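First to last, the protein sequences are chains A and B.
Following numbering that gives the first Met the number 0, the numbering of the first sequence begins with 0 at its first residue and continues without gaps.
Following numbering that gives the first Met the number 0, the numbering of the second sequence begins with 0 at its first residue and continues without gaps.
Built from N, CA and C at the ideal position, the CB exists for glycine as well.
None of the values given here were measured: they were computed from a predicted structure.
Okay, structure first, notes after.
There are 2 protein chains.
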Amino acid sequence: MPDVFRLLADPSRRRLLDALRDGERSVTDLVARTRMSQPSVSKQLRILRDSGAVTLRTAGRQHLYSIREGALREASDWLSYYDRFWREGLRRMDDALRDRPRPRTRRRR
Amino acid sequence: MPDVFRLLADPSRRRLLDALRDGERSVTDLVARTRMSQPSVSKQLRILRDSGAVTLRTAGRQHLYSIREGALREASDWLSYYDRFWREGLRRMDDALRDRPRPRTRRRR
DNA sequence: TAGATATATGTCCATATGGGTATACGAGTT
DNA sequence: AACTCGTATACCCATATGGACATATATCTA
């Protein structure tokens, strides 16, 4: 249900994730780094947590958040196709090109 | 302005992009493949086009859309950091892991 | 020109979303 | 216990979003 891309759609959540790249951070810490209000930070962290993107560790009265391994994997996987696609420079438009002046059919390698 | 992740946040747009992976497609074609209404398809294509994610080629009365090279590059780049992060197995959460029972790094199969 | 096909746009609507402010809650501290 | 710090939640609100339906526009065809 919780779509990874939906998560990443919000800049504030991305900023939070960016702020967490170097390791776990407390809420106050994140508030300082992201220029957001504390409630907003908590709200977005809640969303990130519910979606399994981050984990929470409680240390006294501090809540330390950290990125969960593989959280963005789904998004990354989806995009990886296009990455390969462009890097190899292979445009598989043969079908679409069929009604054009015969662009020389490519063979499967 | 037009955020790539915002684009990808909508499943219907992702379906459209998926349908375009193999090359350019007409609107009718996309309608058939995505099970969306024609106006919805056009609407989302409009958004994708305005954002520079797809390009349009007119052939008679058909509008042929195709993914624009490097359109999702920005998103991919952003994610690449985390990818590297996890693939190398480098979790800089030593502090956090300190009080856990040795999570044992997974080996590559 | 009339009609059919292909696509785009306009309008309306229901819903989701994110921020802000106030407030509640929990854990230390005195 | 009273107070303070750190964090979470509740509520309200303005806005964005996406879909459906009807309709407009453009291109071919008879």
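Subject >> Nonlocal neighbours in the same chain, by C-beta distance under 8 Å from ARG20 of chain B, ignoring five residues either side >> reply: ILE66
Original post:
Name the residues in the stretch 65 to 79 of chain B whose C-beta lies less than 9 Å from a C-beta of chain A; which are they?
Top reply: SER65, ILE66, GLU68, GLY69, ALA70, LEU71, ARG72, ALA74, SER75, TRP77, LEU78 and SER79
Original post:
Is there at least one Cβ from chain B nearer than 9 Å to PRO38 of chain A's Cβ?
Top reply: no
Original post:
ARG5 of chain B versus chain A: which residues are under 8 Å apart at the beta carbon?
Top reply: ALA8
Subject >> Contact belief for GLU73 of chain A with VAL3 of chain A at Cβ below 8 Å, rounded distance in angstroms >> reply: 5 Å
Original post:
Where SER11 of chain A and MET35 of chain A are concerned, what is the direct C-alpha to C-alpha distance, given to the nearest angstrom?
Top reply: 8 Å
Original post:
Which of the residues in the stretch 19 to 48 of chain A, read from start to end, lie with their CB under 8 Å from any CB of chain B?
Top reply: ARG20, ASP21, GLY22 and GLU23
Original post:
Going along the chain, which residues of its own chain have a beta-carbon closer than 8 Å to the beta-carbon of GLY22 of chain A, five neighbours each way excluded?
Top reply: SER65
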